[in-house]
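Residue numbers (the UniProt record's numbering): 1 to 113.
Using N, Cα and C, we set each Cβ at its ideal position, and we do this for glycine too.
Values in this document were obtained by computation on a predicted structure and should not be read as measured data.
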């Protein structure tokens, strides 16, 4: 049974000037990981500490972090819809028709799926 645990958090920050060390082509940001908890889980108290931290991280993930991801997805879906509508309008102009055939059947494009 594994009984030694580490919990790390990671974050992104701008790269300091001194971190370029004379090398070109480095990114403008760095990812930093820090250990916030580490222990051997051999007692009931240590197990509860670990469980409490895992629960708090999970709660943060399913509330705040999940919401921010959903907002990014909504923006991406809206962009995709605009691209699709633009493609349909382009085809209508180029083919000079608003009728499209697929497998021998008329297929009318929906501008807003």
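Does DSSP classify residue 26 as helix, strand or coil?
Against the chain shown, residue 26 aligns to sequence position 26. Reduced to three states, the DSSP call for residue 26 is coil.
Span of the alpha helix (DSSP H), counted from its first residue to its last, around residue 54
Position 54 of the chain shown holds residue 54. Start and end: 44-60.
Suppose the cutoff is 7 Å on Cβ atoms and the five residues either side in sequence are ignored; what does the same chain contact list for residue 4 look like?
Reading the chain shown from its first residue, position 4 is the one you call residue 4. 40.
Which same chain residues end up closer than 8 Å to residue 28 when comparing Cβ atoms and leaving out the 5 residues on each side of it in sequence?
Sequence index remark: in the chain shown, residue 28 carries index 28 (1-based). The answer, listed in chain order, is 14, 15.
Distance, residue 45 Cα to residue 80 Cα
Walking along the chain shown from the start, residue 80 turns up at place 80. Walking along the chain shown from the start, residue 45 turns up at place 45. Roughly 50 Å separates the two Cα atoms.
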